[in-house]
Amino acid sequence: MTALQTGDRVATDNQAIRPGPGSRKRTIDDLAIFGGQPAFADPLHVGRPNLPNRDRYLARINDIFDRAWLTNDGTYLRQFEQVICDVTGASACVAVANGTIALQLLMQVLGLHGEVIVPSLTFIATAHALAWQGISPRFADVDLESCCLDPDAIEAAITPRTTAILAVHLWGRVCNVQRLQEIADRHGIELIFDASHAFGASKHGRMVGNWGRAETFSFHATKFVSAAEGGAIVTNDVELAERLRLARNFGFAARDHVSTLGINGKLSELHAALGLTSLEEMEFTIETNRRNAFRYAERLIDVPGVKLLTTQDQSRSNYQYVVVLIDDRVARIDRDTLVKVLEAENVQARRYFSPGCHRSAPYADDQGTIDGFWLPNTERIVSSAMSLPNGVAIDRATVDTVSDLVRFAVHSAAEIRGRMAARRPVVLHDAHAAGALDAAPSVSAVPVPG
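Count the sequence shown with the numbering used here and you get residues 318 to 767, in order.
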């Protein structure tokens, strides 16, 4: 079995959330935020699970029950690891309980300490994994074009305490891996990657999973390939992989023989079986994501102040993340207000990754970054980026409706601002949102890839 066996795909349990009778907006009174009927009857989530075929999964569960082998390096775990190697082309894969454990195990086995350079523009788990290991995250700025770590910012952030660079392939966009490797080699530090957003992606014909000392993946329920909970470390260093396998199982080299420090980082057979079933539909999911992403691009291309991030020079993307940057000086509506308008319509757009790790506990008072002066590009992106729904439950009609809502909100920006100002105070969903509306800097200078 390989991940490419998708031709006999049968119906899954992914039910499309279709637009409702409230999807046509003619005046701002039709907007749900002002009392109109929501465009969707049910919430349309970013990261809604892509459910694989139930019958295939249950057949594997029945086999697991027949074997009475639920965890501890079972058949499905080994198959899951092999297929990940097949997809990435990497020599070794070590599947673990989740993406955070993958990072922590890798840091522990590599002996990282002191400071590790990391972007603030990432999910908080990337920074937390470092801090949990007693390592200080040293936040460096990102490049505005790629949204990944800026090599020049890395150079400026290196100190005598730096032991590694932890780069993130954000939204499936691959880092400038050649320059990062050159910097790591010149300074004698490790280079590792959090590739949680980039499974199945490549750059210049080389698959993610083959750069640095190792790369980690997440197969959380929100990822386009999912094991419900799961993660993996992939590497071309076979000796490193063996050390990681020992560490994920308490350090046991054999029955009753512990050879090294370890924890319980194992992935169960039930999760591995779900991951395998999801991998079988990987190509179908990528194609669906690609079709939706291109449709969003077509529908939003002429909306003032709305720019959709492209795949740039990657030869392959998983297209999971449909990310737009909102230039409020052109759109005349800021990102947070637009998110509120969409949420009222049951479109649960996400503000990735606002306000940035450097503004979140427990890091906000460290390194003087709370004022944002160290991370100007990060500040601009986190105040303007918005992710729209994608996945196998999203069809053309849904994409068109979401795009039309964005277009209508931008077209009606002056009226929306006036109506919302008249009914202040606005009740926001969280404290971060409240701060963002008051303190978010202008993003008009953000150059957006076209």
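Virtual Cβ for every residue (Gly too), placed ideally from N, Cα, C.
Since the model is a prediction, treat every value here as computed from it, not as a measurement.
### With 16 other Cβ atoms within 10 Å as the buried cut-off, status of D372
On the sequence shown, residue 372 is found 55 positions in, with the first residue counted as 1. Exposed, by the Cβ-count rule.
### Message
For V744 and P360, I'd like the C-alpha separation in whole angstroms.
### Response
Within the sequence shown, residue 744 is the residue found at index 427, counting from 1. Within the sequence shown, residue 360 is the residue found at index 43, counting from 1. With a pLDDT of only 46 at V744, under the threshold of 50, the placement of this residue in the model should not be trusted; the figure read from the coordinates follows. Approximately 20 Å, taken between the alpha carbons.
### Message
Short of 6 Å in beta carbon distance, which residues of its chain neighbour G391, apart from the five on each side in sequence? Order them along the chain.
### Response
Here residue 391 refers to the residue found at position 74 when the sequence shown is read from its first residue. Sequence-distant Cβ neighbours of G391 in its own chain, meaning closer than 6 Å and more than five residues away, are E586.
### Task
Classify T695 as buried or exposed, calling it buried when 16 or more other Cβ atoms lie within 10 Å of its own Cβ.
The residue you call residue 695 lines up with position 378 of the sequence shown. Within a 10 Å sphere around the beta-carbon of T695 sit 16 or more other beta-carbons, which makes this residue buried.
### Query
For I506, which residues does DSSP report across the bridge?
Taking the sequence shown and counting its residues from 1, the one referred to as residue 506 is at position 189. Partner(s): none; I506 has no beta bridge.
### Message
Taking only three categories from DSSP, how would you classify N490?
### Response
By 1-based counting over the sequence shown, the position of residue 490 is 173. The sequence given here has Arg at residue 490, not Asn. In the displayed model, R490 falls within coil according to three-state DSSP, outside both helix and strand.
### Task
Excluding the 5 residues preceding and the 5 following Q332 in the sequence, name in chain order all residues of the same chain whose CB lies nearer than 8 Å to its CB.
Working through the sequence shown from its first residue, we reach residue 332 at position 15. If we look at Q332 and ignore the five residues flanking it on each side, its Cβ neighbours are A710.
### Query
Starting from T392 and walking both ways along the alpha helix (DSSP H), at which residues does that stretch end?
If you number the sequence shown from 1, residue 392 lands on position 75. For T392, the enclosing alpha helix (DSSP H) covers residues 392–405.
### Query
If you run the structure through DSSP and keep just helix, strand and coil, what is V743?
Looking up residue 743 in the sequence shown gives position 426. Caution is warranted here: a pLDDT of 43 is assigned to V743, below 50, making its placement in the model unreliable, and the coordinate value is therefore given only provisionally. V743 falls in the coil class under three-state DSSP.
#### Entry: Separation of D619 from A448, as counted between CA atoms
The residue you call residue 448 lines up with position 131 of the sequence shown. The residue you call residue 619 lines up with position 302 of the sequence shown. Their backbone Cα atoms lie some 43 Å apart in a straight line.
### Task
Using three-state DSSP, classify K624 as helix, strand or coil.
Translated into the one-based positions of the sequence shown, residue 624 becomes position 307. Strand, per DSSP.
### Inter-stretch contact at 8 Å, needing at least 3 Cβ pairs: the stretch 557–571 / the stretch 659–668
Cβ pair count under 8 Å is below three, so no.
### Task
Determine the burial state of V555: buried for a count of at least 16 other Cβ atoms within 10 Å of its Cβ, exposed for fewer.
Position 238 of the sequence shown, counted from the start, is the residue given in the question as residue 555. Flag for V555 reads exposed.
### Query
If you draw a straight line from the C-alpha of V640 to the C-alpha of R384, how long is it?
Mapped onto the sequence shown, residue 640 falls at position 323. Mapped onto the sequence shown, residue 384 falls at position 67. Cα-Cα distance, rounded: 44 Å.
### Message
Quick check on the burial criterion: 16 or more other C-beta atoms within 10 angstroms. Buried or exposed for F382?
### Response
Position 65 of the sequence shown, counting from 1, holds the residue named residue 382. Flag for F382 reads exposed.
### Query
What did DSSP end up calling G708 once you bin it into helix, strand or coil?
Residue 708 sits at position 391 when you count from the first residue of the sequence shown. Three-state DSSP puts G708 in coil, outside helix and strand.
### Query
Does the beta-carbon of G428 have 16 or more other beta-carbons within 10 angstroms, so that it is buried, or is it exposed?
In the sequence shown, the residue the question calls residue 428 occupies position 111. Exposed, by the Cβ-count rule.
### Query
Residue range of the alpha helix (DSSP H) that P468 falls in?
Here residue 468 corresponds to residue number 151 of the sequence shown, with the count starting at 1. Counting along the chain, the alpha helix (DSSP H) containing P468 begins and ends at 468–474.
### Query
Hey, D511 and T443: beta-carbon distance below 7 Å or not?
The residue labelled residue 511 in the question sits at position 194 within the sequence shown. The residue labelled residue 443 in the question sits at position 126 within the sequence shown. Taking 7 Å as the cut-off, the beta carbon of D511 is found closer than this to the beta carbon of T443.
### Query
Is E615 buried or exposed, if buried means 16 or more other CB atoms sit within 10 Å of its CB?
Locating residue 615 in the sequence shown gives position 298, where the first residue counts as 1. With fewer than 16 Cβ atoms within 10 Å of its Cβ, E615 is classed as exposed.
### Task
Let me know if E604 comes out buried or exposed under the rule of 16 or more other beta-carbons within 10 Å of its beta-carbon.
Working through the sequence shown from its first residue, we reach residue 604 at position 287. E604 sits exposed, since fewer than 16 C-beta atoms from the chains shown fall within 10 Å of its C-beta.
#### Entry: Nearest-angstrom Cα separation, counted from A571 out to L642
Counting from one through the sequence shown, the residue named residue 642 turns up at place 325. Counting from one through the sequence shown, the residue named residue 571 turns up at place 254. A direct Cα-Cα distance of roughly 52 Å separates L642 from A571.
### Query
Near R478, which residues of its chain fall below 7 Å by C-beta distance, leaving aside the five closest residues on each side in sequence?
Within the sequence shown, numbered from 1, the residue matching residue 478 stands at position 161. By the criterion of a C-beta distance shorter than 7 Å, R478 is surrounded in its chain by G431, E432, once the five residues flanking it on both sides are discounted.
#### Entry: L642 - containing alpha helix (DSSP H), residue span
In the sequence shown, residue 642 corresponds to position 325, counting from 1. Segment 639–643 is the beta strand (DSSP E) holding L642; no alpha helix (DSSP H) there.
### Query
Does the Cβ of Q421 have 16 or more other Cβ atoms within 10 Å, making it buried, or fewer, making it exposed?
Residue 421 sits at position 104 when you count from the first residue of the sequence shown. The residue in question, Q421, is buried, as its Cβ has 16 or more Cβ neighbours within 10 Å.
### Message
Taking its Cβ as the centre, do 16 or more other Cβ atoms sit within 10 Å of E499, making it buried, or is it exposed?
### Response
For the purposes of this step, residue 499 is taken as the residue at position 182 of the sequence shown. With fewer than 16 other Cβ atoms within 10 Å, it is exposed.
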